[in-house]
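Numbering (the numbering used here), first residue to last: 70 to 153.
As structure tokens, the structure follows; a few thoughts come after it.
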């Protein structure tokens, strides 16, 4: 039993302040929920900016969106990626 499980046994809910597409796609988040008693996830705009703006995890999805929505405003592009 890990430290997060120990906290859960004491009635504490542990939240992760991190989210990234690769982390979700590879099943790492689900593993933490299943094995480590993770209760929830939170995020903020700077975390999204880092995830979307630095690296290539969102490039293919954004390129596909831009092909069908070439005049889309930035906010629409962001919401498409953030709410997927």
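The beta carbon of each residue, even a glycine, is placed where N, CA and C say it ideally should be.
Just so you know, these numbers come straight off a predicted model, no measurement behind them.
As far as DSSP is concerned, residue 88 takes part in no beta bridge. Counting along the chain, residue 109 sits inside the beta strand (DSSP E) bounded by residues 107-111. Residue 90 has its alpha-carbon roughly 16 Å from the corresponding atom of residue 133. Look at the beta carbons and you see the segment 133-146 not touching the segment 104-123: under three pairs across the two are nearer than 8 Å. For residue 149, the uninterrupted alpha helix (DSSP H) run begins and ends at 143-152, by DSSP.
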